[in-house]
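**Q** So that we are looking at the same thing, I have put the structure below in structure tokens.
2 protein chains.
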Amino acid sequence: MATKLIGKQTFALSNPPSFAGHACVVGKKEGEGPLRDSFDFISEDSFLGEKTWEKAESALVKKAAGLALSKAALSNSDINCIFCGDLLNQCTGTTFGVRDSNIPMFGVYGACSTMAESLALAALTIDGGFADKTMAVTSSHFCSAERQFRTPLEYGGQRPPSAQWTVTGSGAAVLTAEGPGPYVTHVTPGRIVDNGVTDANNMGAAMAPAAYDTIKRHFEDLSVGPDAYDLIVTGDLGAIGSEILRDFFAADGVDIAGRHADCGLLIFDRKKQDVHSGGSGCGCAATVLCGYLLNGMREGRWNKILFTATGALLSPTTTMQGESIPSIACSVAISKTK
Amino acid sequence: MATKLIGKQTFALSNPPSFAGHACVVGKKEGEGPLRDSFDFISEDSFLGEKTWEKAESALVKKAAGLALSKAALSNSDINCIFCGDLLNQCTGTTFGVRDSNIPMFGVYGACSTMAESLALAALTIDGGFADKTMAVTSSHFCSAERQFRTPLEYGGQRPPSAQWTVTGSGAAVLTAEGPGPYVTHVTPGRIVDNGVTDANNMGAAMAPAAYDTIKRHFEDLSVGPDAYDLIVTGDLGAIGSEILRDFFAADGVDIAGRHADCGLLIFDRKKQDVHSGGSGCGCAATVLCGYLLNGMREGRWNKILFTATGALLSPTTTMQGESIPSIACSVAISKTK
Numbered sequence: 001m002a003t004k005l006i007g008k009q010t011f012a013l014s015n016p017p018s019f020a021g022h023a024c025v026v027g028k029k030e031g032e033g034p035l036r037d038s039f040d041f042i043s044e045d046s047f048l049g050e051k052t053w054e055k056a057e058s059a060l061v062k063k064a065a066g067l068a069l070s071k072a073a074l075s076n077s078d079i080n081c082i083f084c085g086d087l088l089n090q091c092t093g094t095t096f097g098v099r100d101s102n103i104p105m106f107g108v109y110g111a112c113s114t115m116a117e118s119l120a121l122a123a124l125t126i127d128g129g130f131a132d133k134t135m136a137v138t139s140s141h142f143c144s145a146e147r148q149f150r151t152p153l154e155y156g157g158q159r160p161p162s163a164q165w166t167v168t169g170s171g172a173a174v175l176t177a178e179g180p181g182p183y184v185t186h187v188t189p190g191r192i193v194d195n196g197v198t199d200a201n202n203m204g205a206a207m208a209p210a211a212y213d214t215i216k217r218h219f220e221d222l223s224v225g226p227d228a229y230d231l232i233v234t235g236d237l238g239a240i241g242s243e244i245l246r247d248f249f250a251a252d253g254v255d256i257a258g259r260h261a262d263c264g265l266l267i268f269d270r271k272k273q274d275v276h277s278g279g280s281g282c283g284c285a286a287t288v289l290c291g292y293l294l295n296g297m298r299e300g301r302w303n304k305i306l307f308t309a310t311g312a313l314l315s316p317t318t319t320m321q322g323e324s325i326p327s328i329a330c331s332v333a334i335s336k337t338k
Numbered sequence: 339m340a341t342k343l344i345g346k347q348t349f350a351l352s353n354p355p356s357f358a359g360h361a362c363v364v365g366k367k368e369g370e371g372p373l374r375d376s377f378d379f380i381s382e383d384s385f386l387g388e389k390t391w392e393k394a395e396s397a398l399v400k401k402a403a404g405l406a407l408s409k410a411a412l413s414n415s416d417i418n419c420i421f422c423g424d425l426l427n428q429c430t431g432t433t434f435g436v437r438d439s440n441i442p443m444f445g446v447y448g449a450c451s452t453m454a455e456s457l458a459l460a461a462l463t464i465d466g467g468f469a470d471k472t473m474a475v476t477s478s479h480f481c482s483a484e485r486q487f488r489t490p491l492e493y494g495g496q497r498p499p500s501a502q503w504t505v506t507g508s509g510a511a512v513l514t515a516e517g518p519g520p521y522v523t524h525v526t527p528g529r530i531v532d533n534g535v536t537d538a539n540n541m542g543a544a545m546a547p548a549a550y551d552t553i554k555r556h557f558e559d560l561s562v563g564p565d566a567y568d569l570i571v572t573g574d575l576g577a578i579g580s581e582i583l584r585d586f587f588a589a590d591g592v593d594i595a596g597r598h599a600d601c602g603l604l605i606f607d608r609k610k611q612d613v614h615s616g617g618s619g620c621g622c623a624a625t626v627l628c629g630y631l632l633n634g635m636r637e638g639r640w641n642k643i644l645f646t647a648t649g650a651l652l653s654p655t656t657t658m659q660g661e662s663i664p665s666i667a668c669s670v671a672i673s674k675t676k
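These protein sequence lines are chains A and B, in that order.
Quick note on numbering: my numbering labels position 153 of the first sequence as 153, and the sequence is numbered without any gaps.
In my numbering, each residue's number is its place in the second sequence (first place is 1) plus 338.
This is how it looks when you write it as structure tokens:
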């Protein structure tokens with residue numbers, strides 16, 4: 001019997017895995033933002049010495065994974081398996097980034113929710129008794145994402161105010177069966193929610209209902225409210241999506257505003273940096289988690305956070321075919337104590 | 339401690355989950371091949387009544403998942419989570435196929451190895467105590483794959499003899515914690531292997547070293563040889579890749595030829611059907627597993643099979659940038675008894 005399944009869809013880990021190391025590397029623009037001190041490496045060069053932006057994204061992955069391992073005082077051969085994925089077609093950002101690592105790999109795809117999904121599976125694999133040490137890593141790159149999903153940068157297309165700015169960065173985390181924490185205690189996987197939004201320049205509006213669905217389920221499954229967490233942090237809803245999420249909860253008579261933050265709003269200063277509705281991309285939630293959030297937990301700023309990365313599961317092809325945007329959100333509860 | 343990890347990278351399940359239902363649906367060409375009697379549904383219409391090939395692929399997924407559930411006498415709401423993925427950019431074939439199911443979802447990407455990866459994670463999730471009932475589903479469609487990865491069909495590009503034919507089809511499997519079997523007993527996740535092959539029209543050659551790496555590791559971890567299995571079945575190495583795999587083992591003094599089969603060679607009749615080196619695509623391994631192979635096990639044709647789906651983790655962009663083809667293979671051991 002599924003002894004770790006509580007409520008409808010939440011997994012309660014019996015021996016919560018510990019973060020043994022985590023690292024984040026970003027591009028220049030992210031390094032000029034409010035979280036600059038939390039990044040392990042800031043590249044002034046958007047190519048990272050490579051010939052293409054896609055190869056640069058893989059270089060970010062390689063660097064983040066290497067730093068996370070080094071902080072955990074482990075090497076590639078110690079890791080039982082890695083979960084990774086990104087936004088590029090066929091997930092080549094992470095695949096090529098971990099290609100030389102020799103670590104058994106599970107590729108995952110959850111659009112911008114990929115860090116939560118990877119982390120969830122990395123934790124379940126340890127708690128299930130299959131591994132002692134696992135990793136999760138994801139990435140995004142503004143330039144590779146723009147030309148793949150929107151228009152070539154040289155085209156200079158105008159962006160509506162609801163658009164978000166894809167973060168150039170990669171975040172990596174090493175989990176171990178034993179350790180001093182913080183710990184992954186619960187996972188609530190997301191269901192697809194599609195409320196009919198068709199505007200690919202308004203991902204926040206498309207994803208907010210998915211975040212609401214998963215977080216609400218998480219609360220119900222654990223019979224808790226928002227006050228169970230010091231921080232409820234979404235991945236990249238941005239300004240518009242965050243407001244929608246808070247409104248949804250307010251309509252239920254639940255006030256999350258005081259405890260809610262969004263990685264897409266944390267990583268950039270919207271007044272000084274031209275990012276419209278905020279940051280986005282797999283690298284957004286990943287770099288904020290693997291720097292600012294986990295560092296903050298270690299420093300005692302927060303004891304319990306609910307990390308909920310959100311993803312818009314569209315493609316340029318589905319948009320061109322007139323489809324709406326299916327979205328998903330995966331919640332991972334992280335606690336300083338088991 | 340990781341009590342279920344044996345050897346370097348194999349997971350031994352402590353209470354092997356059972357296949358409770360499985361189904362496969364295919365297109366017309368597959369329905370004219372040698373496995374025609376094993377398919378649950380053969381569509382004469384490559385659009386399946388939809389307006390685009392991408393939507394048709396999602397229709398295949400929906401049909402396969404629905405049939406598998408129906409055979410298991412279960413409904414969507416009984417399933418704790420689903421693992422799914424496909425070849426389309428951003429995995430929209432499966433995402434849109436399961437969009438309305440309301441089942442908590444983990445998207446995965448392992449190129450043509452996706453069925454083995456999905457099945458592996460679906461089994462681990464049950465054995466880890468997180469779920470009682472899970473599903474794995476993948477798909478591919480010749481027409482959506484050709485125009486995305488190669489050239490528009492209307493272009494009529496010539497195919498070299500080493501090329502393979504993407505299977506139009508979807509396979510779905512339902513796993514349950516208890517049941518009469520067959521059972522998933524072991525999982526050996528793959529590592530990326532890249533021997534420098536750059537010809538995107540010769541996937542078999544690129545993937546064979548990955549299949550060899552995983553199967554060899556599996557044998558070593560379990561301290562067994564090929565005779566531990568009645569059938570060692572690869573995903574879609576085709577004629578060229580299969581020969582390379584057998585040669586690799588022969589060089590070690592291990593003869594797998596008598597027990598090896600390849601889904602890409604099983605699904606089409608290469609003498610009568612114009613498929614060059616054989617079938618390929620996520621749907622190839624998935625439809626052969628969820629029909630011919632699992633039916634054969636139930637009928638007593640084989641007691642133990644090692645299902646090893648292989649994937650080429652390239653994208654058109656990486657190929658255009660001169661990159662070689664990283665490949666991966668995931669092995670799932672299936673047995674009539676626990």
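Ideal placement from N, C-alpha and C gives every residue a C-beta, glycine not left out.
Quick caveat, the model's predicted, so the values are computed rather than measured.
Using the three-state DSSP reduction, which class does B/His-360 fall into: helix, strand or coil?
**A** Taking the second sequence and counting its residues from 1, the one referred to as residue 360 of chain B is at position 22. Three-state result, B/His-360: strand.
**Q** By Cβ distance below 6 Å, which residues in the same chain neighbour B/Lys-703 in space, the five residues on each side in sequence not counted?
**A** This structure cannot speak to residue 703 of chain B, because chain B is shown only from 339 to 676.
**Q** When the distance is taken between beta carbons, is B/Ser-669 closer than 8 Å to B/Ala-650?
**A** In the second sequence, counting from the first residue as 1, residue 650 of chain B sits at position 312. In the second sequence, counting from the first residue as 1, residue 669 of chain B sits at position 331. No. Outside cutoff.
**Q** Among residues of its own chain, excluding the 5 on either side of A/Asn-76, which ones have a beta-carbon nearer than 8 Å to its beta-carbon?
**A** In the first sequence, counting from the first residue as 1, residue 76 of chain A sits at position 76. So the qualifying residues of the chain are Leu-69, Ser-101, Asn-102 and Ile-103.
**Q** Which residue marks the beginning of the beta strand (DSSP E) containing B/Thr-523, and which one marks its end?
**A** To locate residue 523 of chain B, count along the second sequence from 1; it is residue 185. Its beta strand (DSSP E) spans residues 521-526.
**Q** Considering only the alpha carbon of each residue, which of A/Tyr-155, A/Val-187, A/Gly-278 and A/Lys-4 lies closest to A/Met-115?
**A** Within the first sequence, numbered from 1, the residue matching residue 115 of chain A stands at position 115. Considering only alpha carbons, the answer is A/Val-187.
**Q** Return the first residue and the last residue of the alpha helix (DSSP H) that B/Ile-553 is part of.
**A** As a working mapping, residue 553 of chain B is identified with position 215 in the second sequence. Its alpha helix (DSSP H) spans residues 541-560.
**Q** The alpha helix (DSSP H) spanning B/Met-339 covers which residue range?
**A** Residue mapping note: residue 339 of chain B aligns to position 1 of the second sequence, counting from 1. First-last for B/Met-339: undefined, no H or E at that position.
**Q** Using a Cβ distance threshold of 8 Å, determine whether the region 487-505 of chain B contacts the region 602-618 of chain B, with at least three qualifying pairs required.
**A** yes
**Q** Please tell me whether B/Thr-625 and B/Val-505 are closer than 8 Å, where the distance is taken between their beta carbons.
**A** Translated into positions along the second sequence, residue 625 of chain B becomes position 287. Translated into positions along the second sequence, residue 505 of chain B becomes position 167. Contact: yes.
**Q** Using the C-alpha atoms, what's the distance from B/Gly-467 back to B/Pro-354?
**A** For the purposes of this step, residue 354 of chain B is taken as the residue at position 16 of the second sequence. For the purposes of this step, residue 467 of chain B is taken as the residue at position 129 of the second sequence. Straight-line Cα distance between these residues: approximately 11 Å.
**Q** Using the beta-carbon of each residue, which ones in chain A are nearer than 9 Å to B/Lys-342?
**A** The residue labelled residue 342 of chain B in the question sits at position 4 within the second sequence. By Cβ distance, chain A contributes Gly-128, Gly-129, Phe-130 and Ala-131.
**Q** Using a Cβ-Cβ distance cut-off of 8 Å, determine whether B/His-672 contacts chain A.
**A** On the second sequence, position 334 is the one that residue 672 of chain B refers to. At residue 672 of chain B the sequence reads Ile, which differs from the His that was named. No - not a single Cβ of chain A is within 8 Å of the one on B/Ile-672.
**Q** The beta strand (DSSP E) with B/Ala-403 in it runs from where to where?
**A** Residue numbering aside, residue 403 of chain B sits at position 65 when the second sequence is read from its first letter. Per DSSP, B/Ala-403 belongs to no beta strand (DSSP E); it is in the alpha helix (DSSP H), 391-409.
**Q** Looking only at its chain, what residues have a beta carbon closer than 6 Å to the beta carbon of B/Ala-546, apart from the 5 residues adjacent to it on each side?
**A** Walking along the second sequence from the start, residue 546 of chain B turns up at place 208. Leu-575, Gly-579, Ile-582 and Leu-583, listed in sequence order.
**Q** Near B/Glu-382, what residues of its chain come up, given a Cβ to Cβ distance below 7 Å and the 5 sequence neighbours on each side ignored?
**A** If you number the second sequence from 1, residue 382 of chain B lands on position 44. Cβ within range, chain order: Lys-366.
**Q** Can you grab the Cα-Cα spacing for the pair A/Ala-210 / A/Leu-289, in whole Å?
**A** Here residue 210 of chain A refers to the residue found at position 210 when the first sequence is read from its first residue. Here residue 289 of chain A refers to the residue found at position 289 when the first sequence is read from its first residue. One C-alpha to the other measures close to 20 Å.
**Q** Measuring CB to CB, does B/Gly-304 end up less than 8 Å from B/Cys-622?
**A** Beyond the ends of chain B as shown, which are 339 and 676, falls residue 304 of chain B; an answer cannot be given.
**Q** Any C-beta of chain B sitting closer than 8 Å to the C-beta of A/Cys-284?
**A** Mapped onto the first sequence, residue 284 of chain A falls at position 284. Chain B contact via Cβ: absent.
**Q** Is the shortest distance between the beta-carbon of B/Gln-347 and the beta-carbons of chain A less than 8 Å?
**A** For this step, residue 347 of chain B is matched to residue 9 along the second sequence. It does: the Cβ of B/Gln-347 has a partner Cβ on chain A nearer than 8 Å.
**Q** Taking all protein chains shown into account, decide if A/Arg-36 is buried (16 or more other Cβ within 10 angstroms of its Cβ) or exposed.
**A** For this step, residue 36 of chain A is matched to residue 36 along the first sequence. With fewer than 16 other Cβ atoms from the protein chains shown falling within 10 Å of its own Cβ, A/Arg-36 counts as exposed.
**Q** Just by C-beta distance, which residues in the region 67-96 of chain A are closer than 9 Å to chain B?
**A** Asn-80, Cys-81, Gly-85, Leu-87, Leu-88, Asn-89, Gln-90, Cys-91, Thr-92, Thr-95 and Phe-96
**Q** Taking the C-alpha atoms as reference points, what is the distance between A/Asn-202 and B/Cys-419?
**A** In the first sequence, counting from the first residue as 1, residue 202 of chain A sits at position 202. In the second sequence, counting from the first residue as 1, residue 419 of chain B sits at position 81. Rounded to the nearest whole angstrom, the CA to CA distance from A/Asn-202 to B/Cys-419 is 28 Å.
**Q** Spatial neighbours of A/Pro-316 within its chain, please: C-beta separation below 7 Å, excluding the five flanking residues on both sides.
**A** Taking the first residue of the first sequence as 1, we reach residue 316 of chain A at position 316. Phe-149.
**Q** Can you give the beta carbon distance from A/Ser-118 to A/Ala-136, rounded, assuming they're within the 8 Å contact cut?
**A** Looking up residue 118 of chain A in the first sequence gives position 118. Looking up residue 136 of chain A in the first sequence gives position 136. Between A/Ala-136 and A/Ser-118 the Cβ distance is about 4 Å, and since that is below 8 Å, they are a contact.
**Q** Do you know whose CA, among B/Phe-377, B/Gly-369, B/Phe-349 and B/Asp-593, lies nearest B/Leu-631's CA?
**A** Residue mapping note: residue 631 of chain B aligns to position 293 of the second sequence, counting from 1. Comparing Cα positions, the closest option is B/Phe-377.
**Q** Our contact map puts A/Leu-87 next to A/Cys-282 with C-beta atoms below 8 Å; I'd like the distance itself, whole angstroms only.
**A** Indexing the first sequence from 1 puts residue 87 of chain A at position 87. Indexing the first sequence from 1 puts residue 282 of chain A at position 282. About 6 Å separates the beta carbons of A/Leu-87 and A/Cys-282, which is inside the 8 Å limit, making them a contact pair.
**Q** Taking only runs that begin and end inside the region 244-298 of chain A, name each unbroken alpha helix (DSSP H) of 4 or more residues, in chain order.
**A** 263-266, 282-288 and 294-298
**Q** Can the beta-carbon of B/Trp-391 be found closer than 8 Å to that of B/Cys-450?
**A** Taking the first residue of the second sequence as position 1, residue 391 of chain B is located at position 53. Taking the first residue of the second sequence as position 1, residue 450 of chain B is located at position 112. Cβ atoms of B/Trp-391 and B/Cys-450: not closer than 8 Å.
**Q** Mind checking who B/Ile-578 pairs with in its DSSP beta bridge?
**A** One-based indexing of the second sequence puts residue 578 of chain B at position 240. BP columns for B/Ile-578 are empty, so no partner.
**Q** Which residues in chain B have a C-beta closer than 7 Å to the C-beta of A/Asp-221? List them in chain order.
**A** Counted from its first residue, the first sequence places residue 221 of chain A at position 221. Going along chain B, no residue has its Cβ under 7 Å from A/Asp-221, so there is no contact; the nearest lies around 11 Å.
**Q** Output, in chain order, the set of chain A residues within a Cβ distance shorter than 9 Å of B/Asp-574.
**A** Taking the first residue of the second sequence as 1, we reach residue 574 of chain B at position 236. By Cβ distance, chain A contributes nothing, its closest Cβ being about 16 Å from B/Asp-574, past 9 Å.
**Q** Sort A/Leu-5, A/Pro-34, A/Phe-83 and A/Ile-192 by Cα distance to A/Leu-265 and report the nearest one.
**A** In the first sequence, counting from the first residue as 1, residue 265 of chain A sits at position 265. Nearest option by C-alpha distance: A/Pro-34.
**Q** Is it buried or exposed, A/Leu-5, if we count other Cβ atoms within 10 angstroms and call 16 or more buried?
**A** Position 5 of the first sequence, counting from 1, holds the residue named residue 5 of chain A. The residue is buried, with at least 16 neighbouring Cβ atoms inside 10 Å.
**Q** Terminal residues of the continuous alpha helix (DSSP H) containing B/Leu-459?
**A** The residue given as residue 459 of chain B occupies position 121 in the second sequence. It spans 452-465 - the alpha helix (DSSP H) in which B/Leu-459 sits, taken as one unbroken run.
**Q** Please classify B/Leu-386: is it buried, with 16 or more other beta-carbons within 10 angstroms of its beta-carbon, or exposed?
**A** Position 48 of the second sequence, counting from 1, holds the residue named residue 386 of chain B. Under this definition B/Leu-386 is a buried residue.
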